[in-house]
Amino acid sequence: MRGRRRLIDDREGALHIIEAIIGGLLMLSCVACLDGMSPGSARENPDDLERMSGDLLYVLEYRENRPGHPGLAQALSTPAAWVELSPAIVSDMRDRLPAGVRSCLMTPYGMAGSYPPDGAVMYVRPFLGLRMDTHEAMDCRLILWTG
1480 MRGRRRLIDD
1490 REGALHIIEA
1500 IIGGLLMLSC
1510 VACLDGMSPG
1520 SARENPDDLE
1530 RMSGDLLYVL
1540 EYRENRPGHP
1550 GLAQALSTPA
1560 AWVELSPAIV
1570 SDMRDRLPAG
1580 VRSCLMTPYG
1590 MAGSYPPDGA
1600 VMYVRPFLGL
1610 RMDTHEAMDC
1620 RLILWTG
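Residue numbers (this note's numbering): 1480 to 1626.
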């Protein structure tokens, strides 16, 4: 008695390869969407700046390093890395924030971005950076401001 002929003959694992390729493409599309997202708009309200600072810090900390777009952990790893990579971090922050919102990163290595003037509506988000060569935690601040 003959069996039914199968629509896909998977003796060599071709179906599994196709499934893996489709799964990989779906994962890449999700990562690309997350990496391209910008925080919402500010309405001259510190609560909006607080939410935006959390979103921006999350994107800077957890995205993969790409050429020309270093991650925050990579930039904070050593003083030399900070000097080299902080301009790219500032540029990425500027690109992700809505018009009228400015940013500043304060680290033990120095400041990157523009410091808010007196009277500006601002939010200061403290966070810890890790210095890779000594494995010590550093107090850092992300400041978002309008005005």
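Every residue gets a Cβ at the ideal spot worked out from N, C-alpha and C, and that includes glycine. All of these numbers come straight from a predicted model, not from anything done at the bench.
query = Quick one: what's got a C-beta closer than 8 Å to D1597's C-beta in the same chain, skipping five residues either side?
reply = none
request  = Kindly give me the distance between the Cβ atoms of F1606 and L1621, rounded to whole angstroms, as I take these residues to be in contact under 8 Å.
outcome  = 7 Å
key: Neighbour-count burial assignment, A1496, 16 or more Cβ in a 10 Å radius   = In the sequence as displayed, the identity of residue 1496 is Ile instead of Ala. Exposed, because fewer than 16 other Cβ atoms sit within 10 Å of the Cβ of I1496.
query = Where do the ends of the beta strand (DSSP E) carrying A1591 lie?
reply = Its beta strand (DSSP E) spans residues 1589 to 1592.
inquiry  = If I measure Cβ to Cβ from V1569 and keep anything under 7 Å in the same chain, skipping five residues before and after, which residues do I get?
reply    = Cβ neighbours of V1569 beyond the five flanking positions: A1591, G1592.
task = Note down the Cα distance separating Y1602 from A1552, rounded to an integer number of angstroms.
result = 22 Å
key: For H1548, the three-state DSSP class (helix, strand or coil)   = Assigned with DSSP and collapsed to three states, H1548 falls in strand.
query = According to DSSP, is L1494 helix, strand or coil?
reply = Of the three classes helix, strand and coil, the one that applies to L1494 here is helix, per DSSP.
query = Does DSSP classify D1597 as helix, strand or coil?
reply = Coil, per DSSP.
inquiry  = So, with DSSP's three-state summary, where would you put E1615?
reply    = strand
task = Please work out which residues of its chain come closer than 8 Å, Cβ to Cβ, to R1604, disregarding the five sequence neighbours upstream and downstream, and give them in chain order.
result = Around R1604: E1529, S1532, G1533, L1536, R1620, L1621, I1622, L1623.
ask   = Run through DSSP, which three-state label would L1564 get?
value = helix
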